[in-house]
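Student:
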Amino acid sequence: MNEVPKVVFSRTLETADDWPETRIAGGDTAEEIAKLKAEPGKDLVAAGGTEFLHSLIKLGVVDEYRLWVLPAVTGKGEALFPELDEAVKLRLVKSTAFPSGVLELCYAPADK
Numbered sequence: 000m001n002e003v004p005k006v007v008f009s010r011t012l013e014t015a016d017d018w019p020e021t022r023i024a025g026g027d028t029a030e031e032i033a034k035l036k037a038e039p040g041k042d043l044v045a046a047g048g049t050e051f052l053h054s055l056i057k058l059g060v061v062d063e064y065r066l067w068v069l070p071a072v073t074g075k076g077e078a079l080f081p082e083l084d085e086a087v088k089l090r091l092v093k094s095t096a097f098p099s100g101v102l103e104l105c106y107a108p109a110d111k
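To convert, note that position 10 of the sequence shown is 9 in numbering that gives the first Met the number 0; the numbers rise steadily by one, no gaps.
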């Protein structure tokens, strides 16, 4: 993990010197994502809290959703998707069933 390049989106941090291969993105999220997508290299993977993920969905910058359906129901938790002004239509790209019963569903926005 330490060798993998990382970008931390933060409005308060100025440096990430303690974590190798890490830089801070503190500007407009859509502009920062556009810059990252323009860089050469592999796919971007977003990980973070619900608020951050909801912001990426609302900005329309998600190219692929990887949803894992677990064989358990808790009946509580945060909403996966935020309230949107209009529906985002998705198309199934790939599905994988694992021996554990976990199902991975990969979706892309239908218009991309």
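Glycine is no exception: its CB is placed at the ideal position from the N, C-alpha and C atoms.
Mind listing, in chain order, the continuous alpha helix (DSSP H) runs of no fewer than 4 residues lying wholly within the region 41-86?
Tutor: 49-58
Student: Flag this pair as yes or no: are the beta carbons of Leu58 and Ala86 separated by less than 8 angstroms?
Tutor: no
Student: Hey, out of Arg65, Val68, Val61, Lys41, whose CA is closest to Asp110's CA?
Tutor: Val61
Student: For the beta strand (DSSP E) containing Glu103, list its first residue and its last residue.
Tutor: Looking at the DSSP string, the run of the beta strand (DSSP E) that includes Glu103 is 102-108.
Student: Quick check: the Cα distance between Glu77 and Gly47, rounded to an integer number of angstroms?
Tutor: If you draw a straight line from the Cα of Glu77 to the Cα of Gly47, it comes to about 13 angstroms.
Student: Tell me, which residues are paired with Ser115 by DSSP?
Tutor: Coverage of the chain is limited to positions 0 through 111, which leaves residue 115 absent and any answer about it impossible.
Student: Under the assumption that Pro70 contacts Gly100 (Cβ atoms under 8 angstroms), give the Cβ distance between them as a whole number of angstroms.
Tutor: Between Gly100 and Pro70 the Cβ distance is about 4 angstroms, and since that is below 8 angstroms, they are a contact.
Student: Please work out which residues of its chain come closer than 7 angstroms, Cβ to Cβ, to Val3, disregarding the five sequence neighbours upstream and downstream, and give them in chain order.
Tutor: Glu20
Student: Hey, Leu104 and Leu91 are a contact pair by Cβ (cut 8 angstroms); roughly how many whole angstroms apart?
Tutor: 7 angstroms
Student: Nearest by alpha-carbon distance to Gly25: which of Val7, Leu66, Thr73 is it?
Tutor: Val7
Student: For Leu89 and Ala107, which I take to be in contact (beta-carbon distance under 8 angstroms), what is that distance rounded to the nearest angstrom?
Tutor: 7 angstroms
Student: Could you tell me whether the Cβ atoms of Leu52 and Ala45 are closer together than 8 angstroms?
Tutor: yes
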